[in-house]
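Numbering (our numbering), first residue to last: 12 to 309.
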């Protein structure tokens, strides 16, 4: 019985811990464009190429869709699948504008327009795994839309100015949302310090999705409800009421946190905690009574 109680206690502690939402975003569309007639990429993948002078010959873009307005981390990863001069390549990621459709080696004129001058993040290569990755959290924070276009472009000719070409498998986004439950209904965990704070790459401050524009109800991050204004007493000293209404106005405290939203986890966890704790107490009492009856029988 003691072991059972310990196991249930461990379960309750796990349920009361913060819930981290993985898969808070994904790549929904991929495209790449080139001015070279011989450029190629694996099926579903992309290619990026630079000329000896560092100018772009092939560029790639991904459309990212987020499922949470409050991200803790986000990284873009691209696995090498061939090419030439990968160890000499220099690539970065930036936001892009303009409408575009998925393409495989489309003309450069149809590629989205990069905004690398407003902020770019360098892709770093892992020599052991041949995976390129970049922290794109600042770029996604700077967006006011639930979908964002990220563009992968050459950032120069490389250490040796001879040009290079890198082919990649389909890019992937690894995103993690802030905890859904922190014991108080409001998240207090700050995202990792990436040097960008909550400001956009153009220096302007913006909140994710600008209050949830374009998202289902409950996903916004609008301001916390303000407390109602004090109600002046009436002439006879009683609390005031709206004219023509029988309802007395009562000042209520401001709502600091919320237990609603996409997950509803705090409410459900608290309810489940109480139910399971009650069940454990009843089981322990029955076991104790059974032991006493057995002892009395002997």
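C-beta: ideal position from N, C-alpha, C; glycine also.
Own chain, CB closer than 8 Å to residue i, minus 5 neighbours either side, in chain order
{"i": "residue 144", "result": "86, 87, 88, 89, 134, 135 and 137"}
{"i": "residue 50", "result": "58, 60, 68, 69, 116 and 176"}
{"i": "residue 62", "result": "68, 168 and 174"}
Contacts around residue i, its chain only, beta-carbon distance under 7 Å, and the 5 residues preceding and following it disregarded
{"i": "residue 147", "result": "85, 86, 87, 104, 132 and 161"}
{"i": "residue 301", "result": "none"}
{"i": "residue 109", "result": "123 and 124"}
{"i": "residue 296", "result": "none"}
{"i": "residue 184", "result": "36, 37, 38, 75, 85 and 87"}
{"i": "residue 166", "result": "101, 102, 103 and 133"}
{"i": "residue 95", "result": "175 and 176"}
{"i": "residue 170", "result": "99"}
{"i": "residue 53", "result": "92, 178 and 180"}
Residue of the options minimising C-alpha distance to residue i
{"i": "residue 114", "options": "102, 173, 71 and 49", "result": "71"}
{"i": "residue 107", "options": "117, 101, 158 and 116", "result": "158"}
{"i": "residue 140", "options": "54, 48, 80 and 92", "result": "92"}
{"i": "residue 189", "options": "80, 48 and 73", "result": "80"}
{"i": "residue 10", "options": "55, 75 and 100", "result": "The question about residue 10 has no answer, for the chain in this structure spans 12 to 309."}
{"i": "residue 1", "options": "118, 187, 35 and 175", "result": "Absent from the structure is residue 1, since the part of the chain shown begins at 12 and ends at 309."}
{"i": "residue 178", "options": "97, 112, 167 and 73", "result": "97"}
{"i": "residue 182", "options": "170, 168 and 55", "result": "55"}
{"i": "residue 163", "options": "127, 76 and 186", "result": "127"}
{"i": "residue 7", "options": "94, 39 and 120", "result": "Any answer about residue 7 is impossible in this case: the structure gives the chain only from 12 up to 309."}
{"i": "residue 65", "options": "94, 102, 73 and 292", "result": "102"}
{"i": "residue 119", "options": "294, 44 and 292", "result": "44"}
{"i": "residue 153", "options": "129, 170, 142 and 165", "result": "129"}
{"i": "residue 150", "options": "186, 142, 42 and 52", "result": "186"}
{"i": "residue 34", "options": "170, 111 and 83", "result": "83"}
{"i": "residue 180", "options": "294, 121 and 142", "result": "142"}
Paired residues, beta bridge with residue i - DSSP
{"i": "residue 105", "result": "131 and 162"}
{"i": "residue 124", "result": "108"}
{"i": "residue 146", "result": "86"}
{"i": "residue 118", "result": "45"}
{"i": "residue 37", "result": "76"}
{"i": "residue 189", "result": "DSSP, once it has assigned bridges, lists no residue as partnering residue 189."}
{"i": "residue 5", "result": "This structure leaves residue 5 out entirely; the chain is present only between 12 and 309."}
{"i": "residue 177", "result": "59 and 94"}
{"i": "residue 69", "result": "45 and 60"}
{"i": "residue 297", "result": "The partner list for residue 297 (beta bridge, DSSP) is empty, contrary to what the question assumes."}
{"i": "residue 184", "result": "87"}
{"i": "residue 136", "result": "143"}
Cutoff 6 Å; reference residue i; Cβ partners in own chain excluding five residues on either side
{"i": "residue 47", "result": "68"}
{"i": "residue 73", "result": "38, 41, 161 and 182"}
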